[in-house]
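Note that the protein sequences, when read in sequence, are chains S and L. According to the numbering used here, the first sequence is numbered sequentially starting from 67. According to the numbering used here, the second sequence is numbered sequentially starting from 3. Here the structure comes first, spelled out in structure tokens, and everything after it is commentary.
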Amino acid sequence: MDQNRYELNKNLAQMLKGGVIMDVSNPEQAAIAEAAGACAVMALERIPADIRAAGGVSRMSDPAMIRGIQRAVSIPVMAKVRIGHFVEAQILEAIEIDYIDESEVLSPADDVYHIDKTAFKVPFVCGARDLGEALRRIAEGASMIRTKGEPGTGDIIQAVRHMRKIMGEIRALAAKAEDELFEAAKQLGVGHELVRQVASQGRLPVVNFAAGGVATPADAALMMQLGAEGVFVGSGIFKSGHPAKRAAAIVKAVTNYNDAQMIADLSEDLGEAMVGINEDEIKLLMAERGQ
Amino acid sequence: MVIGVLALQGGFSEHIQMLRGLGAAAREIRQPADWAAGGLDGLVIPGGESTVMGKLLVELELMEPIRAAIAAGLPVFGTCAGLILLARFLGLGAGVRRNAYGRQLGSFATEADFAGRGAIPMVFIRAPYIESTSQGVEVLSVVDGHIVAARQKNILATSFHPELTGSPVVHEYFLDMVAA
């Protein structure tokens with residue numbers, strides 16, 4: 067992938083900032099998400115909560131289902147591939163997906179290598195729990211990063227942990243002397259040049275979203291106040307009582323994430339939130355997949 | 003000179019950085035209170051998703067006051083989604099084709115003349131272009147036979163993203179409009 071294409075792919079993520087990307091399983095849900103103000107949709111056959119409940123191997127969605135969603139909306143359409151499964155990624159590139167999520171929500175296809183994302187023209191977003199993971203994915207060609215969170219739980223604790231970790235590590239890096247960055251690069255497991263760039267700019271070189279466990283307008287605003295540049299909402303919308311209303315409320319909470327009065331109004335009468343499960347009640351930690 | 007930058011969604015921080023780099027003050031507009039504070043000499047509507055911004059403009063009750071201010075002569079500059087909003091809701095006499103270059107694989111960068119000020123880098127991200135213009139709309143840039151920048155009195159619009167390239171030419175043009 068040439069540098070020009072990589073810049074264009076980073077630029078698309080910049081245009082998604084301040085927005086909410088919603089998981090959808092069919093064209094009807096996609097239309098509801100778009101009407102509610104989603105800046106993009108993630109097409110997947112089963113939302114993470116159902117993947118978690120069903121167990122078994124979880125794979126890339128049926129291209130026919132993804133195409134159906136592409137026809138249903140005018141906003142960007144993303145879809146997930148298994149970690150390391152570069153042929154699933156080739157398929158999504160062939161159907162002109164707007165963004166590929168190399169995602170721990172699906173069963174990993176490779177327990178050592180991630181996809182060489184520099185070999186693709188379409189952009190990739192990848193999950194990260196800390197700065198090292200984020201920078202390793204960027205070195206592999208990711209043009210957008212999101213926290214891993216713990217998908218399908220409706221529990222925000224992991225997304226908070228990952229965002230605090232990433233932002234804290236960036237602040238620590240920015241405070242380091244030039245000659246300390248070589249050791250930092252070694253500790254992070256990435257090249258020195260990338261580490262220097264983060265240290266001098268005080269931010270990741272790509273857009274950074276929150277993902278995993280966002281279920282309420284307050285969750286979304288929490289992630290924005292912690293430094294997220296936008297939010298993915300997976301199971302939280304279509305596992306709730308009133309998806310359209312909750313989706314619209316989360317969109318507004320992301321735009322005005324510092325206005326407690328407005329978020330209070332937005333949080334009223336949303337119906338039942340997704341029930342969710344607590345982190346310590348689950349056996350499978352998807353966030354541990356792919357480091 | 004104070005420029006409001008609509009900050010509902012999208013690439014607003016890049017515009018703010020560019021405007022500040024050119025010596026203008028820039029202020030985020032996220033809700034009616036930001037707008038009501040007044041004192042704006044111009045407004046920027048950034049790139050992002052026009053469906054999201056259009057919906058939020060209506061629901062946050064910003065669409066009408068912004069439309070009225072533009073009609074009354076407030077200089078405004080829209081990029082990409084901002085162009086779409088200007089043409090559909092805010093008084094720019096232009097027919098716009100959304101996602102005119104297709105999906106992300108159709109996004110591209112090129113160089114072309116802007117308003118006779120020379121060739122500048124232009125970045126198109128799932129971009130629209132202008133298919134038709136009403137009387138009084140001046141074409142400022144054409145790429146591959148399609149109109150990608152235009153001006154109608156106090157309204158400036160581009161289908162590309164000058165805020166992403168580091169080239170200040172279009173923002174300078176806008177600030178000249180504001181100063182005039």
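Using N, Cα and C, we set each Cβ at its ideal position, and we do this for glycine too.
Output yes if chain S places a C-beta closer than 8 angstroms to the C-beta of ASN156 of chain L; else output no.
Answer no: the Cβ-Cβ gap between ASN156 of chain L and chain S never drops below 8 angstroms.
Around the C-beta of ASP176 of chain S, are 16 or more other C-beta atoms found within 10 angstroms, so that it is buried, or is it exposed?
Label assigned to ASP176 of chain S: exposed.
Taking DSSP as the reference, what is the three-state secondary structure of SER301 of chain S?
Here SER301 of chain S sits in helix by DSSP.
Here's the rule I'm using: 16 or more other beta-carbon atoms within 10 Å means buried, otherwise exposed. How should PHE14 of chain L be labelled?
So PHE14 of chain L counts as buried.
Taking only the alpha-carbon atoms, compute the straight-line gap between ALA129 of chain L and ALA83 of chain L and give it to the nearest angstrom.
In this structure, the CA atom of ALA129 of chain L is about 8 angstroms from the CA atom of ALA83 of chain L.
Could you check which residue in S:LEU172, S:MET131 and S:LYS242 has the C-alpha nearest to that of ALA119 of chain S?
Comparing Cα positions, the closest option is S:LEU172.
On the DSSP letters alone, give me the boundaries of the beta strand (DSSP E) that GLN154 of chain L sits inside.
Note, GLN154 of chain L: beta strand (DSSP E), 148 to 154.
Under 8 angstroms by beta carbon: chain S residues contacting ALA111 of chain L
Identification of chain S residues near ALA111 of chain L by a Cβ-Cβ cut-off of 8 angstroms yields ASN70, GLU73 and LEU74, ordered along the chain.
Put LEU74 of chain S into one of helix, strand or coil per three-state DSSP.
Helix at LEU74 of chain S.
First and last residue of the uninterrupted beta strand (DSSP E) at GLU113 of chain L:
Looking at the DSSP string, the run of the beta strand (DSSP E) that includes GLU113 of chain L is 110 to 115.
Use the C-beta contact count for VAL178 of chain S: other C-beta atoms within 10 angstroms, 16 or more gives buried, fewer gives exposed.
Exposed, because fewer than 16 other Cβ atoms sit within 10 Å of the Cβ of VAL178 of chain S.
Inspect the CB distances between the segment 261 to 270 of chain S and the segment 323 to 342 of chain S and report whether three or more fall short of 8 angstroms.
By the Cβ test, the segment 261 to 270 of chain S is not in contact with the segment 323 to 342 of chain S, since fewer than three Cβ pairs between them sit closer than 8 angstroms.
Threshold first: 3 residues or longer. Then list the beta strand (DSSP E) segments lying entirely within the segment 53 to 112 of chain L, N to C.
If we require 3 residues or more, the beta strand (DSSP E) runs fully inside the segment 53 to 112 of chain L come out as 78 to 81 and 96 to 99.
Which of helix, strand or coil does DSSP assign to LEU350 of chain S?
In the structure shown, LEU350 of chain S sits in coil (DSSP, three-state: anything other than H, G, I, E or B).
Give a yes or no on whether 8 angstroms exceeds the smallest Cβ distance from VAL188 of chain S to chain L.
The beta carbon of VAL188 of chain S sits closer than 8 angstroms to some beta carbon of chain L.
For VAL46 of chain L and PHE91 of chain L, which I take to be in contact (beta-carbon distance under 8 angstroms), what is that distance rounded to the nearest angstrom?
Incorrect: roughly 16 angstroms between the Cβ atoms, too far for contact.
Between the CA atoms of GLU16 of chain L and LEU42 of chain L - distance to the nearest angstrom
The alpha-carbon atoms of LEU42 of chain L and GLU16 of chain L are separated by roughly 19 angstroms.
Contact under 8 angstroms by Cβ, ASN70 of chain S with HIS163 of chain L:
The beta carbons of ASN70 of chain S and HIS163 of chain L sit no closer together than 8 angstroms.
Measure the beta-carbon distance from LEU158 of chain S to ILE149 of chain S and round it to whole angstroms, keeping in mind my assumption that it falls under 8 angstroms.
Not confirmed; about 14 angstroms, so no contact.
GLY134 of chain S CB to nearest chain L CB: under 8 angstroms?
So, not an interface residue.
Determine whether the beta carbon atoms of GLY401 of chain S and GLU30 of chain L lie at a separation below 8 angstroms.
Look at the range of chain S in this structure, 67 to 357, and you will see that residue 401 of chain S is not part of it.
Residues sharing a beta bridge with PRO144 of chain S, DSSP:
The sequence given here has Met at residue 144 of chain S, not Pro. Paired residues: S:MET108 and S:TYR165.
Where does the unbroken beta strand (DSSP E) through LEU158 of chain L begin, and where does it stop?
Counting along the chain, the beta strand (DSSP E) containing LEU158 of chain L begins and ends at 157 to 160.
Do the segment 100 to 108 of chain S and the segment 232 to 250 of chain S make contact, defined as three or more Cβ pairs closer than 8 angstroms?
The way I'd put it, the segment 100 to 108 of chain S doesn't touch the segment 232 to 250 of chain S; fewer than three beta-carbon pairs between them come closer than 8 angstroms.
Reduced DSSP category for GLU100 of chain S - H, G, I as helix; E, B as strand; rest coil
In the three-state DSSP reduction, GLU100 of chain S falls in the helix class (H, G or I).
What are the residues of the segment 109 to 135 of chain S that lie near chain L, defined by any Cβ-Cβ distance shorter than 8 angstroms?
Taken residue by residue, none of the segment 109 to 135 of chain S has a beta-carbon sitting less than 8 angstroms from a beta-carbon on chain L.
Uninterrupted alpha helix (DSSP H) stretches inside the segment 185 to 244 of chain S (no shorter than 4 residues):
Counting whole runs of 4 or more residues, the segment 185 to 244 of chain S contains the alpha helix (DSSP H) stretches 197 to 205 and 223 to 240.
Which residue wins for smallest C-alpha separation from VAL139 of chain L, given the options L:ASP146, L:LYS155 and L:PHE126?
Nearest of L:ASP146, L:LYS155 and L:PHE126 to VAL139 of chain L, Cα basis: L:LYS155.
Determine the closest residue to SER95 of chain S out of S:VAL280, S:GLU334 and S:PHE304, with distance taken between C-alpha atoms.
According to the sequence as given, residue 95 of chain S is Gln; it is not Ser. Checking every option, the nearest Cα to that of GLN95 of chain S belongs to S:PHE304.
Close beta carbons around MET65 of chain L, own chain, < 7 angstroms, minus the five adjacent residues each side
Excluding sequence neighbours, MET65 of chain L sits near LEU59 and PHE91.
Report all residues from its chain with a CB closer than 6 angstroms to the CB of ALA251 of chain S; omit the five preceding and five following residues, and keep chain order.
So the qualifying residues of the chain are HIS258 and VAL261.
Counting only Cβ pairs nearer than 7 angstroms, list the residues of chain L close to THR321 of chain S.
Neighbours of THR321 of chain S on chain L, chain order: LEU10, GLN11, ARG32 and LEU58.
State buried or exposed for ILE168 of chain S, treating a residue as buried only when at least 16 other CB atoms are found within 10 Å of its CB.
Correcting the residue type first, residue 168 of chain S is Glu in the shown sequence and not Ile. Counting other Cβ atoms within 10 Å of its Cβ, GLU168 of chain S reaches 16 or more and is therefore classed as buried.
Give every residue of the same chain whose Cβ lies closer than 8 angstroms to the Cβ of GLN291 of chain S, excluding the five residues on either side of it in the sequence, and list them in chain order.
Non-local beta-carbon contacts of GLN291 of chain S in its own chain, meaning distances under 8 angstroms to residues more than five positions away in sequence, involve TYR323 and ASN324 in chain order.
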